[in-house]
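There are 2 protein chains.
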Amino acid sequence: MTHEDFMRRAIALSREHMRAGEGGPFGAVIVRDGRIVGEGWNQVVADCDPTAHAEITAIRDACRRLGTFDLTGAEIYTSCEPCPMCLAAIYWAKLARIWYANASADAAAIGFADAFLYRELAAPAAGRSVPAARLLGNEAKVVFDEWSAMPDKVPY
Amino acid sequence: MTHEDFMRRAIALSREHMRAGEGGPFGAVIVRDGRIVGEGWNQVVADCDPTAHAEITAIRDACRRLGTFDLTGAEIYTSCEPCPMCLAAIYWAKLARIWYANASADAAAIGFADAFLYRELAAPAAGRSVPAARLLGNEAKVVFDEWSAMPDKVPY
């Protein structure tokens, strides 16, 4: 299968599940060693889950199938440039490369707020529209110290 | 229950599930109208899911319990300042406010890469360590156009 074949599968998923009313028009596949190991699509509406973007559900599917939280060496084909949540998830999953079809500007043109989110995340915390305040830092720090001292912890 | 009570619950979740080996030392609760409507903790290792951070799992739990993808008016208490994936998820879920205990600097000190991720997301795409390339934009755009023309779509 070629790059175009993988992307056409991502686009087909975006069309099929949009038409089924599951969420927005977004699909993604994860590819490792030349074959698809995970598929996802936007399921925000169907699953009542605001985090169920195509890239997130594709990553979760690949990890479930492969039995790992580490997709090192795999690549993602997504029908649209990732929002910041999905881009950060791609880093946490250790994906090697992103292929995308629609650009963020295309998503903005049909009403998806990715550009606003990128600006918010790049702003200092005090300048964001969702306020954040600190509470009980000393009590939580004790748990971090316990984590640091654990001999058998699994790094991820 | 006070702000401190809610945060102590988030910290208790972080400790309990860290000790159970489910993932890193992170817990979170979602509060609406003065009561906890969702709880989460890091389950990256136990669930083989790199997206299963405490804030994400708390948002998913609250949405499942309330039967909605829109948590407008709710607030999150998290045992650590959110990574960019979780911060963006907080925006998608429409949470009103963030309360956090450990700061990002505390997370960095025990080896969690949040600061690196914030820098990567703020960089222009061409300057990021995970390369991204465009493919078949014209074919994907057709699906966006179909979405735009759908009369019965559910905005989110």
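Which chain is which? The protein sequence lines are A and B, in order. Residue numbering for the first sequence follows the numbering used here, beginning at 102 and increasing consecutively. Residue numbering for the second sequence follows the numbering used here, beginning at 102 and increasing consecutively. For glycine and all other residues, C-beta sits at the position ideal for the given N, C-alpha and C.
Cβ-based neighbour list, residue i, same chain, cut-off 6 Å, excluding 5 preceding and 5 following
i: isoleucine 131 of chain B; result: Val138, Gly139, Ala159, Ala163, Ala175, Ile177
i: serine 115 of chain B; result: Pro126, Phe127, Gly128, Ser180
i: aspartate 215 of chain B; result: Cys184, Ser205, Ala208
i: glycine 122 of chain B; result: none
i: glycine 228 of chain B; result: none
i: glutamate 182 of chain A; result: Tyr201, Ala204, Ser205
i: leucine 236 of chain A; result: none
Other residues of its chain near residue i: CB distance less than 8 Å, five sequence neighbours each side excluded
i: aspartate 171 of chain A; result: Ala194, Lys195, Tyr257
i: isoleucine 112 of chain A; result: Gly128, Ser180, Ala202
i: alanine 258 of chain B; result: Residue 258 of chain B is absent from the structure shown; chain B starts at 102 and stops at 257.
Beta-carbon proximity of residue i to residue j, cut-off 8 Å
i: histidine 118 of chain A; j: asparagine 143 of chain A; result: yes
i: tyrosine 192 of chain B; j: glutamate 156 of chain A; result: no
i: glycine 141 of chain A; j: methionine 102 of chain A; result: no
i: cysteine 149 of chain B; j: arginine 133 of chain A; result: no
i: alanine 223 of chain B; j: alanine 233 of chain A; result: no
i: valine 231 of chain A; j: arginine 198 of chain B; result: yes
Buried or exposed by the 16-neighbour rule on C-beta atoms within 10 Å, applied to residue i
i: tryptophan 186 of chain A; result: Checking the sequence shown, residue 186 of chain A turns out to be methionine, not tryptophan. Classification for methionine 186 of chain A: buried.
i: glycine 212 of chain B; result: exposed
i: arginine 109 of chain A; result: buried
i: glycine 124 of chain B; result: buried
i: alanine 153 of chain B; result: buried
i: alanine 250 of chain B; result: exposed
i: phenylalanine 107 of chain A; result: buried
i: phenylalanine 245 of chain A; result: buried
Close Cβ partners of residue i (< 7 Å) along its chain, the five nearest in sequence each way excluded
i: leucine 167 of chain B; result: Val138
i: alanine 190 of chain B; result: Glu156, Ile157, Ile160
i: alanine 151 of chain A; result: Here residue 151 of chain A turns out to be proline, not alanine, going by the sequence shown. Closer than 7 Å at Cβ, skipping near neighbours: Val145.
i: tryptophan 248 of chain A; result: Lys254
i: tyrosine 219 of chain B; result: Pro185
CB contact below 8 Å: residue i versus chain E
i: alanine 227 of chain B; result: Of the protein chains in the structure, A and B, none is chain E.
Does the segment 188 to 204 of chain B come within contact of the segment 230 to 245 of chain A, defined as at least 3 CB pairs closer than 8 Å?
-> yes
Name, going along the chain, the residues of the segment 137 to 171 of chain A whose beta-carbon falls closer than 7 Å to a beta-carbon of chain B.
-> Val145, Val146, Cys149, Asp150, Pro151, Thr152, Ile157, Ile160, Arg161, Cys164, Arg165, Gly168, Thr169, Phe170
Below 9 Å between beta carbons is the criterion; list the residues of the segment 184 to 199 of chain A that meet it against any residue of chain B, in chain order.
-> Cys184, Pro185, Met186, Cys187, Leu188, Ala189, Ala190, Ile191, Tyr192, Trp193, Ala194, Lys195, Leu196, Ala197, Arg198, Ile199
Which residues, in chain order, does the segment 231 to 251 of chain A contribute to contact with chain B at a C-beta distance below 9 Å?
-> Val231, Pro232, Ala233, Ala234, Arg235, Leu236, Leu237, Gly238, Asn239, Glu240, Ala241, Lys242, Val243, Val244, Phe245, Asp246, Glu247, Trp248, Ser249, Met251
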